[in-house]
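Numbering (my numbering) for the sequence shown: 34 to 589. Just so it is clear, CB atoms sit at the ideal spot from N, CA and C, and this is done for glycine as well.
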Amino acid sequence: MAYEPLDESNSVGILPIGGLGRIGMNMMLLWVGEDYFLIDCGVLFADEQAPGADLVLPDLGYLNTISSKVRAIILTHGHEDHIGAIPHVLKVCPAPVYGTRFTLGLVQEKLLEHGMAGLVDTNPIDPESRVEIGAARFEFIRVTHSIPDCVSVLIDTPVGKILHTGDWKIDLEPVDDEHFDEERFRKAGDLGVLLLLSDSTNAMVPGWSSSERQAGRGLEEQIRSIEGRVFVAMFSSNIHRLRLLGDIAARLGRRICFAGRSLHSYARVAREVGIPGVPHPEVDLSHLELVPDHELLVCMTGSQAEPGSALFRAAVGTHPHIRFRRGDTVILSARFIPGNERVIHEMINNISRWGVNVITPKGLSIHASGHAHRDELRHMMDLVRPRFFVPIHGEYSFLLRQAELARQAGIENVTVIENGKMLHIEPHRLRLGQTIPLEPYYLDGTITGNADYLAIRDRGKAAYNGVVAVHLQVHRSLRHVSGQVQINTVGVCTDDGRHLSACKRFVEQELALLPPFAPSREICDACEMLVRRYFRRAVGKKPVVLVTYDEKQSAE
34 MAYEPLDESN SVGILPIGGL GRIGMNMMLL WVGEDYFLID CGVLFADEQA PGADLVLPDL
94 GYLNTISSKV RAIILTHGHE DHIGAIPHVL KVCPAPVYGT RFTLGLVQEK LLEHGMAGLV
154 DTNPIDPESR VEIGAARFEF IRVTHSIPDC VSVLIDTPVG KILHTGDWKI DLEPVDDEHF
214 DEERFRKAGD LGVLLLLSDS TNAMVPGWSS SERQAGRGLE EQIRSIEGRV FVAMFSSNIH
274 RLRLLGDIAA RLGRRICFAG RSLHSYARVA REVGIPGVPH PEVDLSHLEL VPDHELLVCM
334 TGSQAEPGSA LFRAAVGTHP HIRFRRGDTV ILSARFIPGN ERVIHEMINN ISRWGVNVIT
394 PKGLSIHASG HAHRDELRHM MDLVRPRFFV PIHGEYSFLL RQAELARQAG IENVTVIENG
454 KMLHIEPHRL RLGQTIPLEP YYLDGTITGN ADYLAIRDRG KAAYNGVVAV HLQVHRSLRH
514 VSGQVQINTV GVCTDDGRHL SACKRFVEQE LALLPPFAPS REICDACEML VRRYFRRAVG
574 KKPVVLVTYD EKQSAE
């Protein structure tokens with residue numbers, strides 16, 4: 034795809050590449066003159082719209098066109114929807130990477146997996162750091178979230194200060210005692226913030242988010258009342274919750290065990306960068322049956338019913354070490370991400386069939402969101418008092434709700450944009466610019482590419498309509514064309530072969546009507562059309578038709 038160059042007539046602007054209009058794959062392009070900066074570098078997990086693909090990536094083609102001007106990649110924290118695309122983006126857009134120590138520790142894990150260890154310029158920052166890069170100066174302010182070491186980014190530009198919140202909440206009882214730095218935000222507001230870009234994930238949710246420690250108290254109450262084995266499914270990145278579960282296990286006389294590779298990985302990185310209190314597993318998975326039931330607490334992956342996760346495999350009986358039995362309890366200490374509800378409930382059904390008690394977050398304080406609710410969002414606006422406001426990180430309806438909240442807070446200059454919409458930032462106004470036709474890229478096994486390159490649309494057609502493979506053995510003479518047809522199908526109803534025989538006769542009869550010197554391409558196209566027509570009439574489907582061709586000449 035050809036991209037128009039950015040209009041740099043104004044010295045400062047932003048272009049959301051991901052995260053605005055759809056949750057996930059967060060990435061914001063900021064330019065200050067000819068210095069470009071990427072804030073966050075996330076992925077989406079592919080859904081049924083991209084069958085077979087593993088991840089959805091930002092538009093690597095577009096990033097390649099601007100790569101020579103990108104001065105830095107700034108990371109707000111270590112969640113996958115903020116750092117997951119780092120190895121893929123760096124291959125087309127090499128630039129220094131800035132982030133906190135835990136965030137960069139997670140980045141280094143990804144670089145190691147992709148054979149890029151030691152090849153990337155990584156720069157650790159602290160929440161009090163100030164970094165000058167090109168024409169911009171970056172300050173970092175500590176925020177609380179559902180993963181350690183998170184920051185907002187305050188950017189000093191020639192037209193004024195821009196505050197990008199990243200993901201945040203105000204946790205009044207943080208597990209690590211690293212508090213949301215309200216004073217720094219208030220000071221930024223006192224000095225003047227031109228534009229606030231604020232997380233909209235929970236813009237629909239009233240009130241104030243609950244504390245992580247409150248979730249810990251709820252978990253302890255539940256676990257204390259259970260006599261048998263306890264399995265807690267959680268997001269593996271939530272080191273705060275893992276610390277709480279380690280403390281709960283110690284107080285209640287249980288031994289902690291980890292199930293899930295990513296849980297081990299996050300915990301190891303947290304220990305390596307010096308985060309205190311991260312538990313070590315006391316029981317190996319292969320030794321579960323040696324531990325008395327009342328002494329066991331297993332922390333595990335799979336709260337979203339991800340295929341291959343520890344809980345998912347245990348639910349269907351394929352986990353090599355976990356065998357559920359009557360008397361066990363599974364606690365789902367995570368929200369049900371929208372879109373995952375059906376598969377989660379199916380997993381719960383499978384777990385329940387083992388005679389296991391399943392506890393969900395509904396009506397219980399066993400989970401705490403990592404994102405600010407409406408009262409916190411309003412509090413941020415009151416602290417910062419920006420001249421302009423743009424909601425970020427959320428579905429389009431979430432962006433609109435936070436924009437409405439900003440107007441209620443007295444911010445008159447509120448603009449809602451989506452991915453691909455350029456916004457010029459001037460001292461006295463925001464000005465909409467051109468729309469960049471961004472397209473998603475995909476990770477498919479080990480290959481990355483756009484939908485056309487990876488034939489994503491063809492997969493969708495094949496998934497819904499099936500595939501018919503046709504081999505033509507054509508005999509051509511001076512008088513006529515005749516053909517023998519072999520047909521095989523995948524995912525198409527053949528009525529025990531009846532449709533295969535009928536379609537074969539239909540195609541052979543129609544091919545005999547073609548002129549004797551019809552080009553081979555015309556014969557193949559005709560065959561494809563005939564097969565599709567037959568199955569559309571016979572079974573109401575238009576399958577993907579693949580035609581191979583072999584020709585023999587006849588002297589007749």
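Cβ neighbour criterion (16 or more within 10 Å) applied to residue i
| i | result |
| --- | --- |
| residue 59 | buried |
| residue 481 | buried |
| residue 534 | exposed |
| residue 562 | exposed |
| residue 331 | buried |
| residue 327 | exposed |
| residue 521 | exposed |
| residue 405 | buried |
| residue 334 | buried |
| residue 434 | buried |
| residue 395 | exposed |
| residue 220 | exposed |
| residue 422 | buried |
| residue 144 | buried |
| residue 319 | exposed |
| residue 275 | buried |
| residue 545 | exposed |
Where the alpha helix (DSSP H) through residue i begins and ends
| i | result |
| --- | --- |
| residue 540 | 531-544 |
| residue 251 | 245-257 |
| residue 465 | Element bounds for residue 465: not the alpha helix (DSSP H) but the beta strand (DSSP E), 462-468. |
| residue 554 | 553-572 |
| residue 376 | 374-385 |
Residue i versus residue j - alpha carbon distance
| i | j | result |
| --- | --- | --- |
| residue 338 | residue 83 | 19 angstroms |
| residue 90 | residue 362 | 37 angstroms |
| residue 590 | residue 62 | As displayed, the chain neither begins before 34 nor continues past 589, which places residue 590 out of reach and without an answer. |
| residue 156 | residue 297 | 25 angstroms |
| residue 57 | residue 351 | 30 angstroms |
| residue 470 | residue 265 | 43 angstroms |
| residue 100 | residue 125 | 7 angstroms |
| residue 559 | residue 509 | 16 angstroms |
| residue 472 | residue 147 | 24 angstroms |
| residue 225 | residue 448 | 19 angstroms |
| residue 340 | residue 565 | 34 angstroms |
| residue 551 | residue 503 | 19 angstroms |
| residue 128 | residue 153 | 8 angstroms |
| residue 417 | residue 175 | 15 angstroms |
| residue 387 | residue 357 | 6 angstroms |
| residue 585 | residue 541 | 16 angstroms |
| residue 428 | residue 342 | 27 angstroms |
| residue 151 | residue 524 | 47 angstroms |
| residue 485 | residue 500 | 19 angstroms |
Identity of the residues DSSP links to residue i by a beta bridge
| i | result |
| --- | --- |
| residue 231 | 424 |
| residue 475 | 89 and 482 |
| residue 157 | 132 |
| residue 365 | 266 |
| residue 185 | 174 |
| residue 60 | 51 |
| residue 202 | 177 |
beta-carbon residue i near the ligand PLP non-hydrogen atom, thresh 7 angstroms
| i | result |
| --- | --- |
| residue 382 | The ligand PLP is not part of this structure, which contains no ligands at all. |
Closer than 8 angstroms to chain D by CB, residue i
| i | result |
| --- | --- |
| residue 518 | Among the protein chains of the structure shown there is no chain D, as only one such chain exists. |
Bounding residues of the beta strand (DSSP E) (the contiguous stretch that carries residue i)
| i | result |
| --- | --- |
| residue 194 | 193-197 |
| residue 390 | 390-392 |
| residue 500 | 500-509 |
| residue 454 | 454-459 |
| residue 333 | 329-333 |
| residue 164 | 163-166 |
| residue 71 | 68-72 |
>> Three Cβ pairs or more, each shorter than 8 angstroms: is that satisfied between the region 189-207 and the region 216-236?
In response: The region 189-207, when compared against the region 216-236, does touch it at the 8 angstroms Cβ threshold.
> Taking contact to mean at least 3 C-beta pairs separated by less than 8 angstroms, is the region 310-328 in contact with the region 284-293?
Replying inline: yes
> Would the region 240-247 and the region 395-412 be scored as touching if the rule is three or more Cβ pairs under 8 angstroms?
Replying inline: Yes, the region 240-247 is in contact with the region 395-412.
> On the three-pair Cβ rule with 8 angstroms, is the region 537-556 touching the region 565-583?
Replying inline: yes
>> With three or more C-beta pairs closer than 8 angstroms as the rule, is the region 65-84 touching the region 105-119?
In response: yes
> Between the region 266-280 and the region 434-444, do three or more beta carbon pairs fall short of 8 angstroms?
Replying inline: no
> Do three or more CB pairs link the region 270-284 to the region 252-260 at distances below 8 angstroms?
Replying inline: yes
> If we count Cβ pairs, one from each stretch, closer than 8 angstroms, do we get three or more for the region 373-384 versus the region 179-196?
Replying inline: no
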